[in-house]
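A.B. asks:
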Amino acid sequence: MTGATDERLRLALAQLEVEPTAVDANVERALEAISRAAERGADLVALPELFNVGYFAFDSYNRLAEPLEGETLTRLREAAADHGIAVLAGSIVEDLSATGIVDTPAEEGLANTAALFDASGELQLVYRKHHLFGYQSAESELLVPGERIETATVAGVPVGATTCYDLRFPELYRRLIDAGAELVLVPSAWPYPRIEHWETLSRARAIENQAFVAAINGSGRFPDEDATLLGRSTVYDPWGTTLASSGDDPTLVVADLDLGAVDRVREEFPALRDRRL
1 MTGATDERLR LALAQLEVEP TAVDANVERA LEAISRAAER GADLVALPEL
51 FNVGYFAFDS YNRLAEPLEG ETLTRLREAA ADHGIAVLAG SIVEDLSATG
101 IVDTPAEEGL ANTAALFDAS GELQLVYRKH HLFGYQSAES ELLVPGERIE
151 TATVAGVPVG ATTCYDLRFP ELYRRLIDAG AELVLVPSAW PYPRIEHWET
201 LSRARAIENQ AFVAAINGSG RFPDEDATLL GRSTVYDPWG TTLASSGDDP
251 TLVVADLDLG AVDRVREEFP ALRDRRL
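Residue numbers (UniProt numbering): 1 to 277.
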């Protein structure tokens, strides 16, 4: 891989086909995407929400939950180190009682958890989804909400993470920006028909925070729940301009982020300095 220069970071969004409960096949797709991203010179690759289990496979959450040190994240951590690329492991269903390497919000239960590994395979950030979806979804009944809000530096860029439904809660993004984030990764499992919400909310979070926002969605159908992921993974710059995007099929979305853009936009149009709340 080429690695980040002083001016740019190459970001890849792996819009994977997510097959319900097919953990082995889904993880293999993720590993292949990591390899392809590295071949294209990416410094960072991000995966979708619950890429290994499938968001709408609610009945399988208990059976397929893993700790942070479980097989799925171990394989991705090793892939990050092998390819020399940072990896946001979109999210998994975490077994909180079995995780031992990071503090958990509860002694037992499940969480929707994303993990960021650097290019040497070291764990840099853990984000557990704060806002759990209750509308036509069992997520809020099955999972424990997260509490951690933190950032990590990837190739010189302060990075934060949120997950899917979190997009509807702008105060969370303000807290990340106050923590220094200039790029927010949003692994998601956003379904049809809410295309306008997906596009508008992601773009709005970029505009109002004058930061890069990368919304990473999956692709695929969940027959038992009559749900289909809409894809459309997109990278927005601090003006809210689309840098790269996709349709609804599996693909790799690649964008080069101008690392000076955040400072320039905030200086040219200092909206954040005018905040009163």
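All C-beta atoms in this analysis are idealised placements derived from N, C-alpha and C, irrespective of residue type, glycine included.
Give the range of the beta strand (DSSP E) segment to which residue 95 is assigned.
C.D. replies: 86-95
A.B. asks: Taking the alpha-carbon positions, what's the residue 142 to residue 81 distance?
C.D. replies: 33 Å
A.B. asks: For residue 260, is the beta carbon positioned less than 6 Å from some heavy atom of the ligand SAH?
C.D. replies: For the structure depicted, the ligand SAH is absent and the ligand set is empty, with no information on it obtainable.
A.B. asks: State yes or no: is the C-beta of residue 173 within less than 7 Å of the C-beta of residue 205?
C.D. replies: The answer is yes: Cβ separation under 7 Å.
A.B. asks: What would DSSP say about residue 34, mapped onto helix, strand or coil?
C.D. replies: helix
A.B. asks: Note down the Cα distance separating residue 293 from residue 83, rounded to an integer number of angstroms.
C.D. replies: Coverage of the chain is limited to positions 1 through 277, which leaves residue 293 absent and any answer about it impossible.
A.B. asks: Leaving out the 5 sequence neighbours to the left and right, which residues in its chain are closer than 8 Å to residue 270 when beta-carbon positions are compared?
C.D. replies: Non-local beta-carbon contacts of residue 270 in its own chain, meaning distances under 8 Å to residues more than five positions away in sequence, are absent.
A.B. asks: Between the segment 89-107 and the segment 120-128, can you find at least three pairs of beta-carbon atoms closer than 8 Å?
C.D. replies: yes
A.B. asks: So for residue 17, helix, strand or coil by DSSP?
C.D. replies: strand
A.B. asks: Less than 7 Å between the C-beta atoms of residue 154 and residue 184, yes or no?
C.D. replies: no
A.B. asks: So what's residue 151 in DSSP terms, helix, strand or just coil?
C.D. replies: coil
A.B. asks: Do the segment 15-23 and the segment 229-248 meet, that is, are 3 or more Cβ pairs less than 8 Å apart?
C.D. replies: yes
A.B. asks: Could you say which of 260, 242, 132 and 259 lies nearest to residue 253 if we only look at CA atoms?
C.D. replies: 242
A.B. asks: Cβ of residue 182 within 7 Å of Cβ of residue 158?
C.D. replies: yes
A.B. asks: If you compare alpha carbons, which of 47, 240, 210 and 239 is closest to residue 187?
C.D. replies: 47
A.B. asks: By DSSP, does residue 234 sit in helix, in strand, or in coil?
C.D. replies: strand
A.B. asks: What residues in its chain sit with their C-beta under 7 Å from that of residue 211, if we drop five residues either side in the sequence?
C.D. replies: 177, 181, 182, 183, 184, 238 and 262
A.B. asks: List the endpoints of the continuous beta strand (DSSP E) containing residue 185.
C.D. replies: 183-187
A.B. asks: Specify the secondary structure class of residue 8 as computed by DSSP and reduced to three states.
C.D. replies: strand
A.B. asks: Starting from the N-terminal side, write out each stretch of the beta strand (DSSP E) that is 3 residues or longer and does not extend beyond the segment 186-230.
C.D. replies: 212-216, 219-222 and 227-230
A.B. asks: Can you look up residue 103 in the DSSP assignment and give me helix, strand or coil?
C.D. replies: coil
A.B. asks: Assuming contact is defined by CB atoms lying nearer than 7 Å, are residue 91 and residue 49 in contact in what I supplied?
C.D. replies: yes
A.B. asks: Between which two residues does the alpha helix (DSSP H) carrying residue 62 extend?
C.D. replies: 61-64
A.B. asks: Under three-state DSSP, which class holds residue 138?
C.D. replies: Here residue 138 sits in coil by DSSP.
A.B. asks: Give the secondary structure of residue 114 by DSSP, where H, G and I count as helix, E and B as strand, and everything else as coil.
C.D. replies: Correct three-state label for residue 114: strand.
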